[in-house]
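Engineer: In numbering that gives the first Met the number 0, the protein residues as written are 0 to 232.
Ideal placement from N, C-alpha and C gives every residue a C-beta, glycine not left out.
Everything numeric in this text was worked out from a predicted model, so none of it was measured.
Questions regarding the structure given below will be posed in turn.
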Amino acid sequence: MAQKVVDISDVKWGKTRTGGAADWQRRQKRRMRTHSRLVVSLKILFPSLAAVLIGLVIVWPQLNAQQEEQISLLASDIKDMAVPDDQAMVNPRFFSVDEKGEPFNLVAKKAFELPGETRRVRLNDIKADLLRRDNRWFALDSDVGVYSQKDDTMELSGQVYLYTETGEEIETTGAVVNMKTRDISGREKVFVRMPAGSAEADGFSVSQKGTVIRLTGKTRAVFYPENRTKGKK
């Protein structure tokens, strides 16, 4: 049986007629040159990448601190933030009667709930009054009030005015109302006008539903002569 013989002397290697070993060597040299360029590029890239990472390590805490500061500023400015009208209650009114049958009435221009885990409601332009069974009354005006459902308190801020049926007027910039007992206290500077004179103090408290007023801290009082309150004849 005749054997089949294949002549490889005329086989094409690539696009030209050449020896296979020589062509393989050329391809290997091209790979080596490409590999060398890649190694050089990586030697340049890795130090640059390391510098970028070190820069991030230095800059990131500063960016994080700025972000925390911004959040803190936003949180401190909650009382001044604007709320769309469709998310606010207009002219809200709160009315209650305690166990003694004494009514407490509170109205505001606007009210809306503040963000947070505990329910807190801000009220703008507050006017409130308490009428006792003996027909004595106590009233207050405040620019802003924040009611905390958890503590059952209302924190007043801005211009705060308290009035009593006997003629006392208290002016301050901050106070806290205990909604259960109706007691009011403040640690801001306070100015008191009364029929017998005036007084200034570092703080105050109003208890027994407006019948007892106490001044706290450094206090200065001026009392008018008795004949001045009655008028000169």
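Among the residues of its own chain, which have a CB less than 6 angstroms from the CB of G209, if the five just before and after it don't count?
Structural biologist: Once the five neighbours on either side are set aside, the close Cβ partners of G209 are F137, T163.
Engineer: For A64, I'd like the list of residues in its chain whose CB is within less than 6 angstroms of its CB, leaving aside the five on either flank, ordered along the chain.
Structural biologist: Residue placement at A64 is flagged as unreliable, the pLDDT there being 46, under the threshold of 50; a coordinate-derived value is accordingly withheld.
Engineer: I'd like the list of long-range same chain contacts for M147, defined as Cβ closer than 6 angstroms, with 5 residues on each side in sequence excluded.
Structural biologist: Note on residue identity: the sequence assigns Ser, not Met, to residue 147. Within the same chain, S147 has close Cβ partners R119.
Engineer: Can you list, in chain order, the residues of its chain with a C-beta nearer than 6 angstroms to that of D142? Leave out the 5 residues immediately preceding and following it.
Structural biologist: For D142, where only same-chain residues beyond five positions count, the Cβ hits under 6 angstroms are G157, Q158.
Engineer: Could you tell me the boundaries of the beta strand (DSSP E) in which K99 lies?
Structural biologist: Unbroken run through K99: none, as it is neither H nor E.
Engineer: Using a Cβ-Cβ cut-off of 8 angstroms (strictly less than) and excluding sequence neighbours within five positions of V106, which residues of its own chain qualify?
Structural biologist: Once the five neighbours on either side are set aside, the close Cβ partners of V106 are N90, P91, R92, F93, I125, K126, A127.
Engineer: Mapping the DSSP letters down to three states, classify Q86 as helix, strand or coil.
Structural biologist: If DSSP states are grouped into helix, strand and coil, Q86 belongs with the helices.
Engineer: Rounded to whole angstroms, what's the CA-CA distance from G196 to G100? Just pull it up for me.
Structural biologist: When rounded, the distance between both Cα atoms is 34 angstroms.
Engineer: From T117, S206, L113, E98, pick the residue whose C-alpha is nearest to that of M88; which is it?
Structural biologist: Per the Cα distances, L113.
Engineer: Under the three-state reduction of DSSP, which class applies to E225: helix, strand or coil?
Structural biologist: E225 falls in the helix class under three-state DSSP.
Engineer: With distance defined between alpha-carbon atoms, name the residue in G166, S184, T180, E167 nearest to G173.
Structural biologist: Comparing Cα positions, the closest option is S184.
Engineer: Considering only DSSP beta bridges, list what E154 is partnered with.
Structural biologist: Answer by DSSP bridge pairing, in chain order: V145, V175.
Engineer: Look at the alpha carbon of E116 and the alpha carbon of K149, and state the distance between them as a whole number of angstroms.
Structural biologist: Taking the straight line joining both Cα atoms gives about 10 angstroms.
Engineer: Taking the C-alpha atoms as reference points, what is the distance between N104 and S95?
Structural biologist: Approximately 7 angstroms between the Cα atoms of the pair.
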